[in-house]
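Read through the structure below, which is laid out as structure tokens, and then see the notes.
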Amino acid sequence: MIPSSYFFILSIILFVLGIIAFFIKRDLITQFMAVEIMLNAANLAFIALAKSHHFVDAQVIVFFIITVAAAEAAIGLAIILLIFRQKKSIKSQDISSMKG
Amino acid sequence: MAIFLFFLLSIICVGSILGMIISKNQAYCALFLVLAFACLGGLFGLLGAPFMAVVQIIIYAGAIMVLFIFVIMMINLREGISREKKKWTIALSVVLALVLFIELVFAAKGAAALGSGPEGSVSPGEIGRLLFTKYLYPFEITSILIIAALVGAIVLVKKREKE
Numbered sequence: 039m040i041p042s043s044y045f046f047i048l049s050i051i052l053f054v055l056g057i058i059a060f061f062i063k064r065d066l067i068t069q070f071m072a073v074e075i076m077l078n079a080a081n082l083a084f085i086a087l088a089k090s091h092h093f094v095d096a097q098v099i100v101f102f103i104i105t106v107a108a109a110e111a112a113i114g115l116a117i118i119l120l121i122f123r124q125k126k127s128i129k130s131q132d133i134s135s136m137k138g
Numbered sequence: 008m009a010i011f012l013f014f015l016l017s018i019i020c021v022g023s024i025l026g027m028i029i030s031k032n033q034a035y036c037a038l039f040l041v042l043a044f045a046c047l048g049g050l051f052g053l054l055g056a057p058f059m060a061v062v063q064i065i066i067y068a069g070a071i072m073v074l075f076i077f078v079i080m081m082i083n084l085r086e087g088i089s090r091e092k093k094k095w096t097i098a099l100s101v102v103l104a105l106v107l108f109i110e111l112v113f114a115a116k117g118a119a120a121l122g123s124g125p126e127g128s129v130s131p132g133e134i135g136r137l138l139f140t141k142y143l144y145p146f147e148i149t150s151i152l153i154i155a156a157l158v159g160a161i162v163l164v165k166k167r168e169k170e
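These protein sequence lines map, in sequence, to chains F and P.
98 is the number that the working numbering gives to position 60 of the first sequence; each next residue is one higher, with no gaps.
121 is the number that the working numbering gives to position 114 of the second sequence; each next residue is one higher, with no gaps.
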């Protein structure tokens, strides 16, 4: 029997690592991957709560999160491809043309 | 046994995410992430959610990461991303992330103190029943969302016929 607090701690560690990866990495694709890590950390916390409270709805919510993440990945990668076609670069500091 | 599996999977998961942060090559980043997501699927299985474990491995480690790898292959940056970054931004982000970590630990203490319910895993049938009764409308709306995403992605990436 594993205490659910272990899972919470792991989920928090993953979320913080995702944030660190988002700020350290400088290209759009890897930053997008960091967002996926944060989504997964949230999923882990949801499922740990589903276990500790025997609350099945949390698993359904995780199902929806995964589906929305798939849609978001498709659109986000399409936008990244479009940016690469126009700017020939996917570094996030090169995309500053909207800055006043 | 379960606790040993938990520590093994969580160490592999955190280690592969650290590897992703350190690695410069985007394709390696994506492969590290596949490993991390597969380990998370194993953790979901440990938590008594076999359906979510399978969905995690098929959709995340399978579908979404393959999409990422496709895009990385299409972009194909030969020289890779150079490291021209300021040191202080890294230090600042790590310090702020640590502050957030402490905050979240305090927040999770309250959630974990709520106690634990009965043991047992949730069968896929139970999830399906909820999905088609209580969550029927969100489920149907999700299908519209996916169609919109599909059409949107095609329209965005399509090359214009005449400029």
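Where a beta carbon is used, it is the ideal one built from N, C-alpha and C, also for glycine.
Cβ contact annotation for residue 13/P (same chain, cutoff 8 Å, sequence separation greater than five): 50, 53, in chain order. Judged by DSSP secondary structure, residue 119/F falls within the alpha helix (DSSP H) whose first and last residues are 95-125. As computed with DSSP, residue 65/F is found in a beta bridge with 129/F. Cβ neighbours of residue 75/F within its own chain (closer than 7 Å, five residues either side excluded): 52, 55, 56, 59.
Counting every other CB atom within 10 Å of its CB across the protein chains shown gives residue 15/P a total below 16, marking it as exposed.
Residues of chain P whose Cβ lies closer than 8 Å to the Cβ of residue 71/F are, in chain order, 27, 36, 37, 40, 75.
Pairing residue 32/P with residue 77/P, the inter-Cα distance amounts to about 15 Å. Here DSSP, grouped into helix, strand and coil, assigns residue 91/F to helix. Considered as a whole, the region 91-166 of chain P harbours 94-119, 131-140, 143-164 as its complete alpha helix (DSSP H) runs of no fewer than 4 residues, in chain order. For residue 37/P, the uninterrupted alpha helix (DSSP H) segment begins and ends at 33-53. Closest option to residue 77/F, judged by alpha-carbon separation, among 67/F, 87/F, 91/F, 107/F: 107/F.
Here residue 27/P really is in contact with residue 40/P; their C-beta atoms are around 6 Å apart, less than 8 Å. For residue 72/P, the enclosing alpha helix (DSSP H) covers residues 72-82.
No Cβ of chain F is located within less than 8 Å of the beta carbon of residue 57/P. The region 149-166 of chain P makes contact with the region 92-110 of chain F, as at least three CB pairs between them are under 8 Å. Using a Cβ-Cβ cut-off of 8 Å, residue 50/F counts as an interface residue toward chain P, since at least one Cβ of chain P sits closer than that to its own. With 16 or more neighbouring CB atoms inside 10 Å of its own CB, residue 17/P falls in the buried class.
Between the beta-carbon of residue 9/P and that of residue 113/F there is about 39 Å, and that puts the pair past the 8 Å contact cut.
Its chain contains 33, 34, 37 as the residues whose beta carbon lies nearer than 7 Å to that of residue 79/P, once the 5 sequence neighbours on both sides are disregarded; these appear in chain order. Within the same chain, and ignoring the five residues on either side of residue 68/F in sequence, the residues whose Cβ sits closer than 8 Å to its Cβ are 59. Looking from the CA of residue 44/P, the closest CA among 69/P, 103/P, 140/P belongs to 69/P. The DSSP-derived three-state label of residue 40/F is coil. The beta carbon of residue 86/F lies closer than 8 Å to those of 42, 45, 46, 49 in the same chain, with the five residues before and after it left out.
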